[in-house]
Amino acid sequence: MNKKYSFIGIAFIILLFGIYTVPKVVDRFKNSVLVKFNKVPSFEFTNQEGKTITNKNFEGKVHVVEFFFSTCPTICPIMNQKMLTIQDEFFGNPNFGIASISITPEIDTPEVLKEYAKSNGITHKNWHLLTGKNDDVVYALSNKGFKLYAGKGDEEHGGFEHSGLFALVDKDGYIRSRKDEYGNPIMYYRAIEEQTFPDQIKELKEDIKILLNE
Numbered sequence: 308m309n310k311k312y313s314f315i316g317i318a319f320i321i322l323l324f325g326i327y328t329v330p331k332v333v334d335r336f337k338n339s340v341l342v343k344f345n346k347v348p349s350f351e352f353t354n355q356e357g358k359t360i361t362n363k364n365f366e367g368k369v370h371v372v373e374f375f376f377s378t379c380p381t382i383c384p385i386m387n388q389k390m391l392t393i394q395d396e397f398f399g400n401p402n403f404g405i406a407s408i409s410i411t412p413e414i415d416t417p418e419v420l421k422e423y424a425k426s427n428g429i430t431h432k433n434w435h436l437l438t439g440k441n442d443d444v445v446y447a448l449s450n451k452g453f454k455l456y457a458g459k460g461d462e463e464h465g466g467f468e469h470s471g472l473f474a475l476v477d478k479d480g481y482i483r484s485r486k487d488e489y490g491n492p493i494m495y496y497r498a499i500e501e502q503t504f505p506d507q508i509k510e511l512k513e514d515i516k517i518l519l520n521e
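All letters in the sequence shown, in the order written, are residues 308 to 521 by the working numbering.
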């Protein structure tokens, strides 16, 4: 008899625990809704295979956008390593893509970018390394379209500067992000400054999954 009542008691506790925790799980799901910002402007570039890539190639796909250049000696290698972990997480997913836009198009020809992709393990078919006809177009897209700084810089940085941030874009072409612990939208995800922002790539992967399921 005691064992029977003990079993009933444990079952009752489990039931109460379930009733208590379900709303918590629902609340966490509701709080995961990502903030929507401006829509990404139209663009047209050439990728590492010499193919023309525009916004239409990313329609219906969740994608991450970065600005970089192949000869960058400082933050680009760090950003590339972080992006490779994202590639691996979503490898083979046709609804996910990456756009790495060069801020030195006069240097980063399709041939250079193809070799860069080969040397850096870039294999996802929807990871496009993009180059344009001139840097003015790229700077306008970066600084005005994405509001991510790109421009001339110190020689120690390779002669150019750009942000170490990744932009998350939804299937409809809108920039999205989560909120920080204070309820403020972060807008972009940091690929560098790990000591201050240690979990942002992990959070980016989580948020990509949210958008893939929207």
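Every residue, glycine too, gets a C-beta built ideally from N, C-alpha and C.
Return yes when the Cβ of residue j is within less than 8 angstroms of the Cβ of residue i, no when it is not.
i: Gly-452; j: Asn-362; result: no
i: Phe-376; j: Ile-410; result: yes
i: Thr-430; j: Asp-415; result: no
i: Val-342; j: Lys-486; result: yes
i: Ile-515; j: Leu-475; result: yes
i: Ile-408; j: Phe-352; result: yes
i: Phe-350; j: Ile-482; result: no
i: Ala-508; j: Tyr-489; result: Looking at the sequence provided, one finds Ile at residue 508 rather than Ala. Cβ distance not < 8 angstroms, so Ile-508 and Tyr-489 don't count as in contact.
In terms of residue numbering, what span does the beta strand (DSSP E) encompassing residue i cover?
i: Lys-425; result: From DSSP, Lys-425 is part of no beta strand (DSSP E) but of the alpha helix (DSSP H) over 417 to 426.
i: Tyr-446; result: Tyr-446 -> not in any beta strand (DSSP E); alpha helix (DSSP H) instead, spanning 442 to 447.
i: His-431; result: Where His-431 is concerned, there is no enclosing beta strand (DSSP E), given that its DSSP letter is neither H nor E.
i: Ile-493; result: Note, Ile-493: premise wrong, no beta strand (DSSP E); not H, not E.
i: Phe-403; result: 403 to 409
i: Glu-351; result: 351 to 353
What is the C-beta distance between residue i and residue j, in whole angstroms, given that I count them as a contact (C-beta under 8 angstroms)?
i: Leu-420; j: Lys-478; result: Actually they are not in contact, since the Cβ atoms of Leu-420 and Lys-478 sit about 25 angstroms apart, beyond 8 angstroms.
i: Leu-455; j: Ser-470; result: 5 angstroms
i: Phe-374; j: Ala-457; result: 5 angstroms
i: Lys-368; j: Asn-402; result: 5 angstroms
What would DSSP say about residue i, mapped onto helix, strand or coil?
i: Leu-472; result: strand
i: Ala-318; result: Legend: pLDDT at Ala-318 = 44, less than 50; position of this residue unreliable, no value from coordinates given.
i: Asn-345; result: strand
i: Phe-374; result: strand
i: Phe-365; result: helix
i: Val-332; result: Confidence at Val-332 is low in this model, with a pLDDT of 38, below 50, so the placement of that residue is unreliable and no value is reported for it.
i: Lys-486; result: strand
i: Phe-453; result: helix
i: Ile-414; result: coil
i: Ile-360; result: strand
i: Gly-460; result: Any answer about Gly-460 is weak, because its pLDDT of 47 lies below 50 and its placement is not dependable; what the coordinates show is given next. Three-state result, Gly-460: coil.
For residue i, report the span of its alpha helix (DSSP H) as first-last.
i: Ile-382; result: 382 to 396
i: Leu-519; result: 507 to 519
Contact between the stretch 351 to 365 and the stretch 391 to 399 (3+ Cβ pairs under 8 angstroms): The stretch 351 to 365 vs the stretch 391 to 399: no contact.
If we count Cβ pairs, one from each stretch, closer than 8 angstroms, do we get three or more for the stretch 377 to 393 versus the stretch 439 to 456? Contact fails: fewer than three Cβ-Cβ distances are below 8 angstroms.
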